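Respectively, the protein sequence lines represent chains A and B. Going by our numbering, the first sequence opens with residue 3, and the numbers climb by one from there. Going by our numbering, the second sequence opens with residue 14, and the numbers climb by one from there. All C-beta atoms, glycine included, are put in the ideal place defined by N, C-alpha and C. Quick caveat: nothing in here was measured; it's all calculated off a predicted structure.
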Amino acid sequence: SQQGEEDPQALSIQEGENATMNCSYKTSINNLQWYRQNSGRGLVHLILIRSNEREKHSGRLRVTLDTSKKSSSLLITASRAADTASYFCATDKEGAQKLVFGQGTRLTINP
Amino acid sequence: SAVISQKPSRDICQRGTSLTIQCQVDSQVTMMFWYRQQPGQSLTLIATANQGSEATYESGFVIDKFPISRPNLTFSTLTVSNMSPEDSSIYLCSVGSTDTQYFGPGTRLTVL
Numbered sequence: 003s004q005q006g007e008e009d010p011q012a013l014s015i016q017e018g019e020n021a022t023m024n025c026s027y028k029t030s031i032n033n034l035q036w037y038r039q040n041s042g043r044g045l046v047h048l049i050l051i052r053s054n055e056r057e058k059h060s061g062r063l064r065v066t067l068d069t070s071k072k073s074s075s076l077l078i079t080a081s082r083a084a085d086t087a088s089y090f091c092a093t094d095k096e097g098a099q100k101l102v103f104g105q106g107t108r109l110t111i112n113p
Numbered sequence: 014s015a016v017i018s019q020k021p022s023r024d025i026c027q028r029g030t031s032l033t034i035q036c037q038v039d040s041q042v043t044m045m046f047w048y049r050q051q052p053g054q055s056l057t058l059i060a061t062a063n064q065g066s067e068a069t070y071e072s073g074f075v076i077d078k079f080p081i082s083r084p085n086l087t088f089s090t091l092t093v094s095n096m097s098p099e100d101s102s103i104y105l106c107s108v109g110s111t112d113t114q115y116f117g118p119g120t121r122l123t124v125l
């Protein structure tokens, strides 16, 4: 079964607003990653946060990780129409050389 | 980073037929991954393909249905056999590690 669960499933906001997506997982991890997928195409890696990190920034992206709650959040600030996409979290299981993807959040930025 | 191409980009197939999807990487890689993404769903790992050895399949996926070849360090194929409408999905290959994976553009398969 999928390890990552995300909410909300869909999010629609106005351009310029901030978008926050959440991800929860079930087992111990080495790291957690966020990916973006535009219109059912290939996924693009956005950011990785390791299990010993609590927060990470990359441009307009801010990721937090709370290993005690087994959850992560992705914040996109000052959203743009081009941010419209589906966003997935992915976790690796300790000891396993593979990723498990969450259900994803479909983000729509309205102009 | 790695640049990955997939062929075909999309196809419409008849029930009972088979389709082979190709994945080409611009550099040599040890592990390649094949995922399925059913309509409106997330990605599910089908199998991991290492060059020179049998692919390792995830629970729910079997070699007879999804045979995989990995003839060299830059190429792999996934065959979807004896297709049914339930196989309609996007199939994606990826390479990398558990730190970062690079994905191909996907193959959108529709089975009638």
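Pairwise C-alpha distance: residue j and residue i
i      : j      : result
B:S96  : B:W47  : Per the sequence shown, residue 96 of chain B should be read as Met rather than Ser. B:M96 and B:W47: Cα-Cα distance of roughly 17 angstroms.
A:T195 : B:I25  : An answer regarding residue 195 of chain A cannot be provided, because it is not within the stretch 3 to 113 covered by chain A.
A:I49  : A:W36  : 6 angstroms
A:K28  : A:R108 : 22 angstroms
A:I51  : A:D85  : 20 angstroms
B:T43  : B:I76  : 20 angstroms
B:M45  : B:P84  : 12 angstroms
B:S110 : B:A15  : 12 angstroms
A:L45  : B:G53  : 14 angstroms
Beta-carbon gap between residue i and residue j smaller than 8 angstroms
i      : j     : result
B:S31  : B:V93 : yes
B:S101 : B:T90 : no
A:N24  : A:T79 : no
A:E8   : A:A83 : no
Same chain only: Cβ atoms within 8 angstroms of residue i, ignoring 5 sequence neighbours per side
i    : result
A:Q4 : Because A:Q4 carries a pLDDT of 44, less than 50, the predicted location of this residue cannot be relied on, and the following value inherits that uncertainty. Excluding sequence neighbours, A:Q4 sits near V102, F103, G104 and Q105.
Strand pairing of residue i, partner residues [DSSP]
i     : result
B:I48 : A quick correction: the sequence has Tyr, not Ile, at residue 48 of chain B. Answer by DSSP bridge pairing, in chain order: B:L58 and B:L105.
B:N63 : B:M44
A:K58 : A:V65
A:L34 : A:I51 and A:T93
Cut-off 6 angstroms between Cβ atoms - residues of its own chain near residue i, not counting five sequence neighbours on either side
i      : result
B:Q37  : S18 and F88
A:R64  : L77
A:N40  : A87
B:F116 : L105 and S107
Same chain, Cβ closer than 7 angstroms to residue i, neighbours up to 5 away in sequence not counted
i     : result
B:A60 : W47, A68, T69, Y70, E71, F74, F79 and I81
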